[in-house]
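A.B. asks: Counted the way the numbering used here counts, the sequence shown spans residues 117 to 511. Backbone N, C-alpha and C define an ideal beta-carbon position, used for all residues, glycine too. So that we are looking at the same thing, I have put the structure below in structure tokens.
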Amino acid sequence: MVSRVRVWLNRTYAENVFFMDQLRRNPHDRAVEIHATHGDADSPVLAAADTADLEPEGLSPAGYVEYALDQCVRRGIDVFVPRLHQSAIVAHRADFEAAGTALLAPPPEAVAVFHDKVIAYEAVQAIGAPVPPWWRVRNADELVAAVEELEAGGHKACFKPASGAGGVGFREITRTPFSLSHLNGFPSPRVPLDLVLEALRQGEESDEASVDWLVMPRLEQPEVSVDCLTGPDNRIRMAVGRTKNGRRRGFTLHEQWLEPARRIAEGFGLHYLSNIQFRMFGDTPVLMDVNTRPAGGLHQLSLCGVNAPWAAVQLALGDDPGEFAPPFLGQDYTVVSGPRQLRPVSIPQQRAEVPDPLPAVPAPAAPQAAASVSVEATAQANSPASTAASAIAPA
């Protein structure tokens with residue numbers, strides 16, 4: 117009898133409830149048990165998991181590695197998908213392997229390259245992949261110089277943290293003075309240059325934490341996120357592009373997106389699941405960002421008949437799925453939200469220490485089921501209750 121696979125996702129995005137759904141609905145009908153940890157007791161990934169722990173707050177990266185190793189041993193984890201403190205964790209791959217746990221993450225050298233966007237752009241450009249012009253900015257004078265050069269070329273300037281995830285800190289610079297028009301409707305990412313410069317100079321005068329920004333032209337749609345599965349041999353097993361143009365989403369296998377994504381994934385050893393994002397600079401697709409982790413929208417590939425999370429787990433366990441392409445490309449779609457069940461009562465945070473584990477809860481009979489525990493985390497799990505179906509059903 118084939119043994120069950122025990123997978124752990126640490127402090128991950130809420131969308132990864134779909135990642136968990138796909139692991140359970142794998143095409144080999146292999147039993148999968150999922151452990152989840154998070155700092156927020158109301159994260160839906162905790163309710164969707166078979167077992168769950170609240171993560172301690174205040175741990176250093178080294179302290180978190182010790183916590184993670186303890187989790188892997190105590191929970192019998194076969195495959196660990198790290199997001200929080202990924203850099204520190206992958207540096208201790210040998211320790212996790214000694215504990216019987218495979219890390220579904222790239223090697224430390226690859227993670228380090230893409231932690232800093234400026235270093236990443238320099239490295240990617242060196243292997244011939246397309247990147248937009250960029251400037252590293254740490255003060256007001258450098259910002260003015262970068263903005264003026266971009267505007268002289270007919271481009272709109274934007275900035276984001278040199279190190280950061282998602283769209284956190286992204287702003288588009290405008291010359292329009294601040295007025296009541298900026299307060300109408302929904303908040304906008306556009307910010308007047310004079311306000312940014314004033315904030316920078318005030319920060320310099322008051323010795324606030326310095327900024328470290330990547331300034332670049334605003335890139336245009338379509339945006340294409342290429343989900344890649346790469347083996348430890350640096351060879352791509354799968355590459356599929358997800359397109360985004362306004363609300364409309366779709367899929368592509370066009371080489372103008374896939375070829376540079378393969379070059380990056382294979383050239384830098386982005387083992388297992390990565391996500392490489394492109395946008396248009398004029399008529400040229402250029403790199404926007406690289407994520408050394410599974411994308412939150414990875415489950416959307418289920419509309420193409422692909423179960424990428426399960427293929428990655430197979431690869432991590434040494435069962436190579438081989439190279440594969442989607443059997444078909446799904447039709448265009450949009451993304452809508454739906455409710456997911458939570459544990460009924462928030463559990464008090466524990467700080468700077470390994471928390472007592474929440475009790476094991478029964479594996480949901482279907483993705484719509486979730487279990488509950490009491491505030492003391494000692495009561496028996498409640499009966500599963502159904503939730504509203506997601507607008508996109510993962511394969």
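Short of 6 Å in beta carbon distance, which residues of its chain neighbour V195, apart from the five on each side in sequence? Order them along the chain.
C.D. replies: Along the sequence shown, read from residue 1 onward, the residue named residue 195 stands at position 79. V123, A218, L220, V429, A432.
A.B. asks: Would you mind sorting S119 into buried or exposed? The rule is 16 or more other CB atoms within 10 Å of its CB.
C.D. replies: Working through the sequence shown from its first residue, we reach residue 119 at position 3. Answer is exposed; the Cβ neighbour count stays below 16.
A.B. asks: In chain order, which beta strand (DSSP E) runs of at least 3 residues are fully inside the segment 349-395?
C.D. replies: DSSP runs (the beta strand (DSSP E)) wholly in the segment 349-395: 352-361, 364-368.
A.B. asks: How is E526 classed by DSSP in three states: helix, strand or coil?
C.D. replies: In the structure displayed, the chain extends from 117 to 511; residue 526 sits before or after that span and is not available.
A.B. asks: Excluding sequence positions up to five away, which residues of its chain have a Cβ less than 8 Å from the Cβ of V229?
C.D. replies: Taking the first residue of the sequence shown as 1, we reach residue 229 at position 113. Taken in chain order, the residues that qualify are I235, A236, A239, F384.
A.B. asks: So is P425 buried or exposed if we call it buried at 16+ other beta carbons inside 10 Å?
C.D. replies: By 1-based counting over the sequence shown, the position of residue 425 is 309. So P425 ends up on the buried side.
A.B. asks: Taking the C-alpha atoms as reference points, what is the distance between H201 and D169?
C.D. replies: Walking along the sequence shown from the start, residue 201 turns up at place 85. Walking along the sequence shown from the start, residue 169 turns up at place 53. Distance between the alpha carbons of H201 and D169: 17 Å.
A.B. asks: Count Cβ pairs between the segment 345-353 and the segment 275-288 that sit closer than 8 Å; are there 3 or more?
C.D. replies: Flag = no, the segment 345-353 and the segment 275-288 do not touch.
A.B. asks: In the DSSP assignment, find the unbroken beta strand (DSSP E) run with P333 in it and report its ends.
C.D. replies: Numbered from 1 along the sequence shown, position 217 holds the residue referred to as residue 333. Segment 329-333, the beta strand (DSSP E) holding P333.
A.B. asks: Between the C-alpha atoms of R456 and Y129, what's the straight-line distance to the nearest angstrom?
C.D. replies: Residue 456 sits at position 340 when you count from the first residue of the sequence shown. Residue 129 sits at position 13 when you count from the first residue of the sequence shown. Distance between the alpha carbons of R456 and Y129 is about 13 Å.
A.B. asks: Tell me the DSSP secondary structure of L419 in three-state form.
C.D. replies: Counted from its first residue, the sequence shown places residue 419 at position 303. Three-state result, L419: helix.
A.B. asks: Report the rounded CA-to-CA distance for P480 versus D257, giving the unit in angstroms.
C.D. replies: For the purposes of this step, residue 480 is taken as the residue at position 364 of the sequence shown. For the purposes of this step, residue 257 is taken as the residue at position 141 of the sequence shown. A caution first: P480 carries a pLDDT of 46, below 50, which makes its placement in the model unreliable, though a value can still be read off. Their backbone Cα atoms lie some 56 Å apart in a straight line.
A.B. asks: How far does the beta strand (DSSP E) with E173 in it reach, from first residue to last?
C.D. replies: Translated into the one-based positions of the sequence shown, residue 173 becomes position 57. That residue, E173, is in no beta strand (DSSP E); it is neither H nor E in DSSP.
A.B. asks: Can you name the start and end residues of the beta strand (DSSP E) that P442 belongs to?
C.D. replies: Walking along the sequence shown from the start, residue 442 turns up at place 326. First-last for P442: undefined, no H or E at that position.
A.B. asks: Count the other CB atoms within 10 Å of the CB of R378; is the residue buried (16 or more) or exposed (fewer)?
C.D. replies: As a first step, residue 378 is located in the sequence shown; it is residue number 262 there, counting from the start. Label assigned to R378: buried.
A.B. asks: Would you report the Cα separation of L419 and L445, rounded to the nearest angstrom?
C.D. replies: Locating residue 419 in the sequence shown gives position 303, where the first residue counts as 1. Locating residue 445 in the sequence shown gives position 329, where the first residue counts as 1. Between L419 and L445, the C-alpha separation is close to 7 Å.
A.B. asks: Let me confirm a value: H144 is counted as buried when at least 16 other C-beta atoms fall within 10 Å, else exposed. Which label applies?
C.D. replies: Numbered from its first residue, the sequence shown carries residue 144 at position 28. Counting Cβ neighbours within 10 Å, H144 comes out exposed, since fewer than 16 surround it.
A.B. asks: Taking only the alpha-carbon atoms, compute the straight-line gap between N142 and F440 and give it to the nearest angstrom.
C.D. replies: Residue numbering aside, residue 142 sits at position 26 when the sequence shown is read from its first letter. Residue numbering aside, residue 440 sits at position 324 when the sequence shown is read from its first letter. C-alpha separation (whole angstroms): 16 Å.
A.B. asks: Within 10 angstroms of its Cβ, does F302 collect 16 or more other Cβ (buried), or is it exposed?
C.D. replies: If you number the sequence shown from 1, residue 302 lands on position 186. By the 10 Å Cβ count, F302 comes out exposed.
A.B. asks: By how many angstroms is the C-alpha of A157 removed from the C-alpha of A485?
C.D. replies: Here residue 485 corresponds to residue number 369 of the sequence shown, with the count starting at 1. Here residue 157 corresponds to residue number 41 of the sequence shown, with the count starting at 1. With a pLDDT of only 34 at A485, under the threshold of 50, the placement of this residue in the model should not be trusted; the figure read from the coordinates follows. C-alpha separation (whole angstroms): 18 Å.
A.B. asks: Could you tell me the distance, in whole angstroms, from the CA atom of S203 to the CA atom of V133?
C.D. replies: The residue labelled residue 203 in the question sits at position 87 within the sequence shown. The residue labelled residue 133 in the question sits at position 17 within the sequence shown. For S203 and V133, the distance between alpha carbons rounds to 23 Å.
A.B. asks: Specify the secondary structure class of N407 as computed by DSSP and reduced to three states.
C.D. replies: The residue labelled residue 407 in the question sits at position 291 within the sequence shown. Three-state DSSP puts N407 in a strand.
A.B. asks: Mind checking which residues open and close the beta strand (DSSP E) that includes P308?
C.D. replies: In the sequence shown, counting from the first residue as 1, residue 308 sits at position 192. 306-308 is the span of the beta strand (DSSP E), which, as asked, contains P308.
A.B. asks: If contacts are defined as beta-carbon pairs under 8 Å, then R286 and P308 qualify, I think. What distance do you get, rounded to the angstrom?
C.D. replies: The sequence position of residue 286 within the sequence shown is 170, counting from 1. The sequence position of residue 308 within the sequence shown is 192, counting from 1. As written in the sequence, residue 286 is Phe, which differs from the Arg given in the question. Not really, about 16 Å apart at Cβ, beyond 8 Å.
A.B. asks: Have a look at V227, I243, L403, N391 and flag the residue whose alpha-carbon is nearest the alpha-carbon of L417.
C.D. replies: Within the sequence shown, the letter at position 301 stands for residue 417. For L417, the nearest C-alpha among the options comes from N391.
A.B. asks: For V148, I'd like the list of residues in its chain whose CB is within less than 7 Å of its CB, leaving aside the five on either flank, ordered along the chain.
C.D. replies: Counting from one through the sequence shown, the residue named residue 148 turns up at place 32. Closer than 7 Å at Cβ, skipping near neighbours: R120, V121, V123, L139, R140, N142.
A.B. asks: Taking the alpha carbon of D310 as the point to measure from, which residue in D328, R127, V263 has its own alpha carbon closest?
C.D. replies: Mapped onto the sequence shown, residue 310 falls at position 194. Out of D328, R127, V263, V263 has the C-alpha closest to the C-alpha of D310.
A.B. asks: Are there 16 or more other CB atoms within 10 angstroms of the CB of Q318, so buried, or fewer, so exposed?
C.D. replies: As a working mapping, residue 318 is identified with position 202 in the sequence shown. Answer is exposed; the Cβ neighbour count stays below 16.
A.B. asks: Looking at the strands, I want to know which residues DSSP matches up with A184.
C.D. replies: Within the sequence shown, numbered from 1, the residue matching residue 184 stands at position 68. In the DSSP output, where bridge partners are listed per residue, A184 has none listed.
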